[in-house]
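Chemist: In this note's numbering, the protein residues as written are 1 to 145. I'd like to ask you about the structure that follows.
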């Protein structure tokens, strides 16, 4: 299957855009619908190093992993496994933050590795195609506000 690709241009410099994506996930990510336990998420954390975790913290303090950092190149790139789809194999998400000007950044997302999933999990592909559009739209809105 083809990777899912989506891009948005935001009204913020590269550093702010990267920092908002990596350090302020809970403020803009649609956790009420795009989480392992929607409606029960208190925080979303990202450990800023290769091998670090991305995870949601639930209201009762439990943690649920979203993935692990594969590449960490601030403020230009972050890539991670996407473990929200449970299975023996995972997909990968890469985000590239390209400066277009002093207050303008293009965020390019690629979600690949769908061929690694079992046929029973392939239904997640279509949901993620529309989901990433909504998610990156939320990032764009948060930075434009």
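Glycine included, every Cβ here is placed at the ideal spot set by N, Cα and C.
1) Should residue 115 go down as buried or exposed, given a rule of 16 or more other Cβ atoms within 10 Å for buried?
2) Going by DSSP, what residue range makes up the alpha helix (DSSP H) through residue 128?
3) Hey, out of 59, 4, 125, whose CA is closest to residue 39's CA?
4) Is it buried or exposed, residue 134, if we count other Cβ atoms within 10 angstroms and call 16 or more buried?
5) Going by DSSP, what residue range makes up the alpha helix (DSSP H) through residue 18?
6) Cutting at 6 Å between CB atoms, please list the residues of its own chain near residue 110, excluding the five before and the five after it.
7) Select from 136, 126, 144, 101 the residue whose C-alpha is nearest the C-alpha of residue 85.
8) Please classify residue 101 as buried or exposed, where buried requires at least 16 neighbouring CB atoms within 10 angstroms.
9) Measure the CB-CB distance between residue 66 and residue 73 and report whether it falls below 9 Å.
10) What residue range is occupied by the uninterrupted beta strand (DSSP E) comprising residue 93?
Modeler: Based on what the coordinates show:
1) With fewer than 16 other Cβ atoms from the protein chains shown falling within 10 Å of its own Cβ, residue 115 counts as exposed.
2) Its alpha helix (DSSP H) spans residues 124-144.
3) If we check each option's Cα against that of residue 39, 59 comes out closest.
4) Taking all protein chains shown into account, residue 134 has fewer than 16 neighbouring C-beta atoms within 10 Å of its C-beta and is therefore exposed.
5) Secondary structure note for residue 18: its alpha helix (DSSP H) is the uninterrupted segment 14-23.
6) The beta carbon of residue 110 sits closer than 6 Å to those of 3, 5, 94, all from its chain and outside the five residues before and after it, given in chain order.
7) Checked all of 136, 126, 144, 101; the closest Cα to residue 85 is 126.
8) It is exposed - the Cβ of residue 101 has fewer than 16 other Cβ atoms within 10 Å.
9) Between residue 66 and residue 73, the CB-CB gap reaches or exceeds 9 Å.
10) Unbroken beta strand (DSSP E) run through residue 93: 91-101.
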